[in-house]
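Reading through the structure tokens given below for one structure.
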Amino acid sequence: MTAPTPYLHLPGTAREALTFYGDVFGCAVQLHTYAEFSRTDGPADAIAHGYLHDGPVALFASDVAGDEPPYRAEGLMLSLLGAAAPTALRDWFARLSEGGRVVDDLQVRPWGASDGQVVDRFGLHWLVGYEEDDRQAAVSA
């Protein structure tokens, strides 16, 4: 691993969230329950540790135990700028919007790049975009 990877503590939605993200980004999903880790501080089927692998996005998540606070962030976006071909980025934006809230539509900006923002149904704020060169390469391919 060469960069920081987000690790989310979710309020009992880690299985649903990681499965959703795995589907959106085409990643495999690995899930381990509290029971597998011999944890007794939460439901046996809660996720003690889960992650995406073999795909373009890295992400870890677990369900919180007891009175641990779940993920909440302000002033933070996960950037997918240029992380894939424009067609994939447009698809990711649309999929992340399902059940979420579009903050700023994916659109061409005055400087030539395209980007947009969405807060998905699990509360993650995503910045999705690509440069004009990326769009031209996709058209030429």
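Each residue of the sequence shown is one higher than the one before, counting from 9 in the numbering used here.
Beta carbons: idealized from backbone N, C-alpha and C, even for Gly.
Bear in mind that the values here come from a model prediction, so they are computed numbers and not experimental data.
### Message
Suppose you measure from the CA of Val110 to the CA of Trp134; what does that come to, to the nearest Å?
### Response
Taking the first residue of the sequence shown as position 1, residue 110 is located at position 102. Taking the first residue of the sequence shown as position 1, residue 134 is located at position 126. The straight-line gap from Cα to Cα measures roughly 10 Å.
### Task
Indicate whether Leu132 and Gly124 have their beta-carbon atoms separated by less than 8 Å.
On the sequence shown, residue 132 is found 124 positions in, with the first residue counted as 1. On the sequence shown, residue 124 is found 116 positions in, with the first residue counted as 1. Cβ distance not < 8 Å, so Leu132 and Gly124 don't count as in contact.
### Message
One question on the structure: do Leu97 and Ala69 come within less than 8 Å of each other, judged by their Cβ atoms?
### Response
Along the sequence shown, read from residue 1 onward, the residue named residue 97 stands at position 89. Along the sequence shown, read from residue 1 onward, the residue named residue 69 stands at position 61. Not closer than 8 Å, so no.
### Query
Which residue or residues does DSSP assign as beta-bridge partners of Ala66?
Here residue 66 is taken as the residue at index 58 of the sequence shown, counted from 1. For Ala66, DSSP assigns no beta-bridge partner whatsoever.
### Task
Kindly indicate which residue of Ala52, Leu16, Ala56, His61 has the alpha-carbon position closest to the one of Cys35.
Within the sequence shown, residue 35 is the residue found at index 27, counting from 1. Checking every option, the nearest Cα to that of Cys35 belongs to His61.
### Query
What do you get for Ser122, buried or exposed, if any count of 16 or more other CB atoms within 10 angstroms of its CB means buried?
Along the sequence shown, read from residue 1 onward, the residue named residue 122 stands at position 114. Counting the other CB atoms within 10 Å of its CB gives Ser122 a total of 16 or more, which places it among the buried residues.
### Query
In chain order, what residues of the same chain have a beta carbon less than 7 Å from the beta carbon of Leu88, not counting five sequence neighbours either side?
As a first step, residue 88 is located in the sequence shown; it is residue number 80 there, counting from the start. Its chain contains Leu97, Trp100, Trp134, Leu135, Val136 as the residues whose beta carbon lies nearer than 7 Å to that of Leu88, once the 5 sequence neighbours on both sides are disregarded; these appear in chain order.
### Message
If I follow the unbroken alpha helix (DSSP H) through Ala43, where does it start and stop?
### Response
Along the sequence shown, one-based indexing puts residue 43 at 35. No alpha helix (DSSP H) contains Ala43, which DSSP labels as neither H nor E.
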